[in-house]
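S.K.:
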Amino acid sequence: MSISHYVFISTALFVLGVFTMVARRNAIYVLMGAELIVNAAALNFVAFWRHKGAEMTQMSGQMFTIFIIILAAAEAAVALGIILQIYHHFPNIDVTGPKSLSQ
Amino acid sequence: MLSFVFYFFAACTLIGALLVALCPKLVHSAFSLVLTLFGIAGLYFTLGADFLGIVQIVVYVGGITILFLYGVMLTPRDSTRWSILGLLLPGALCAVPIGVMLHLAWKGLEEVGDFGQVPALSPPTTQRVGELFLLRDKYLIPFELASIVLLVALVGSVYLARRRRES
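In the order they appear, the protein sequences are chains A and B. Note that the numbering used here has the first sequence beginning at 277, numbered continuously upward. Note that the numbering used here has the second sequence beginning at 1274, numbered continuously upward.
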């Protein structure tokens, strides 16, 4: 499978992630869109690492993607904590709802 | 054989992502995210990154999706009723970048040309990854910094999600 196949998949994932972030009102959907986007970028890293050829034993694509996964996990945990705190203060977690933190 | 596996996992990934984007119910989207992440793990395996595929399954599917399901459980139920305008406007906003990006991707990859000989896959990569993390000192400092980031995120998210006492 040439690299164009993997780039096509990562592009499609990225666009679907952006669509999810833009077209949904619940804050958890926004997070899921962010996860799709991060996974698209990670897939790109691994695809280019694989098809570069000469430096495959340096594992650079794989290492960077491991760090991407670690940081995305940390980000998801903190973001969900923030969402739960927002839910304590406002009646729902609609992203089009609260316009000021002191509302 | 490889192309069949690739197309299977590519189909899993894209169908899962479509369901995440379009399902009206929040819980269905959360489960479709599981399908998408499994598909991406499969694609990592076809690319020869076997350690990464296992890390993806253990951390993303086993950790982050559980986290999302807890978030879905603790927040109010949500169903999106799609309207034509609500679907078409973001769709059009995303269709322009997809056209541009696909065009650039195809044209750019043609211009870069041949990447050279793609080497044969040589799993397992776990030993090499472990050496790079700890022995060859190439990724030792990022490894330690990543564990500090995880510790900070752990303490921070527990503090952020605590229940307020009514006092």
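Backbone N, C-alpha and C fix where the C-beta goes; we use that ideal spot for every residue, glycine too.
I'd like to know whether the C-beta of VAL371/A is nearer than 7 Å to at least one C-beta of chain B.
M.R.: Walking along the first sequence from the start, residue 371/A turns up at place 95. No - not a single Cβ of chain B is within 7 Å of the one on VAL371/A.
S.K.: Quick one: does ILE285/A have its CB under 7 Å from some CB of chain B?
M.R.: On the first sequence, position 9 is the one that residue 285/A refers to. By this cut-off, ILE285/A is an interface position.
S.K.: Hey, LEU312/A and LEU292/A: beta-carbon distance below 7 Å or not?
M.R.: Here residue 312/A corresponds to residue number 36 of the first sequence, with the count starting at 1. Here residue 292/A corresponds to residue number 16 of the first sequence, with the count starting at 1. Contact: yes.
S.K.: From LEU1360/B to LEU1291/B, what distance separates their C-alpha atoms?
M.R.: Taking the second sequence and counting its residues from 1, one reaches residue 1360/B at position 87. Taking the second sequence and counting its residues from 1, one reaches residue 1291/B at position 18. Rounded to the nearest angstrom, the two C-alpha atoms are 13 Å apart.
S.K.: Does the beta carbon of ASP1351/B come closer than 7 Å to any beta carbon on chain A?
M.R.: Locating residue 1351/B in the second sequence gives position 78, where the first residue counts as 1. Taking Cβ atoms only, chain A reaches closer than 7 Å to ASP1351/B, which makes this a yes.
S.K.: Would you identify the three-state DSSP class for ASP370/A, choosing helix, strand or coil?
M.R.: For this step, residue 370/A is matched to residue 94 along the first sequence. Looking at ASP370/A - three-state DSSP - the assignment turns out to be strand.
S.K.: Mind reading off the beta-carbon distance from VAL283/A to PRO1363/B? Whole number of angstroms is fine, and I expect it under 8 Å.
M.R.: The residue given as residue 283/A occupies position 7 in the first sequence. The residue given as residue 1363/B occupies position 90 in the second sequence. Not a contact, Cβ separation roughly 23 Å.
S.K.: Can you tell me which of MET1346/B, GLY1321/B and PRO1370/B puts its alpha carbon nearest to the alpha carbon of THR1399/B?
M.R.: The sequence position of residue 1399/B within the second sequence is 126, counting from 1. Ranking MET1346/B, GLY1321/B and PRO1370/B by Cα distance to THR1399/B puts GLY1321/B first.
S.K.: Per DSSP, LYS1298/B forms a beta bridge with which residues?
M.R.: Translated into the one-based positions of the second sequence, residue 1298/B becomes position 25. Its beta-bridge partners are SER1352/B.
S.K.: Of all the residues that make up the stretch 1316-1330 of chain B, which are near chain A by a beta-carbon distance shorter than 8 Å?
M.R.: Hits within the stretch, in order: LEU1316, TYR1317, THR1319, LEU1320, GLY1321, ALA1322, PHE1324, LEU1325, VAL1328 and GLN1329.
S.K.: Within 10 Å of its beta-carbon, does SER1420/B have 16 or more other beta-carbons around it, so buried, or fewer, so exposed?
M.R.: The residue labelled residue 1420/B in the question sits at position 147 within the second sequence. With fewer than 16 other Cβ atoms within 10 Å, it is exposed.
S.K.: What in chain B is Cβ-close to ALA350/A, meaning under 7 Å?
M.R.: Here the question's residue 350/A lines up with position 74 in the first sequence. Those within 7 Å of ALA350/A in chain B are VAL1422, LEU1423 and ALA1426.
S.K.: At a CB-CB cut-off below 8 Å, which residues of chain B make contact with ILE346/A?
M.R.: On the first sequence, residue 346/A is found 70 positions in, with the first residue counted as 1. Simply VAL1332, ALA1419, VAL1422 and LEU1423.
S.K.: Which residues in chain A have a C-beta closer than 8 Å to the C-beta of ALA1283/B? List them in chain order.
M.R.: Counted from its first residue, the second sequence places residue 1283/B at position 10. Contact of ALA1283/B with chain A by beta-carbon distance below 8 Å involves HIS281 and ILE285.
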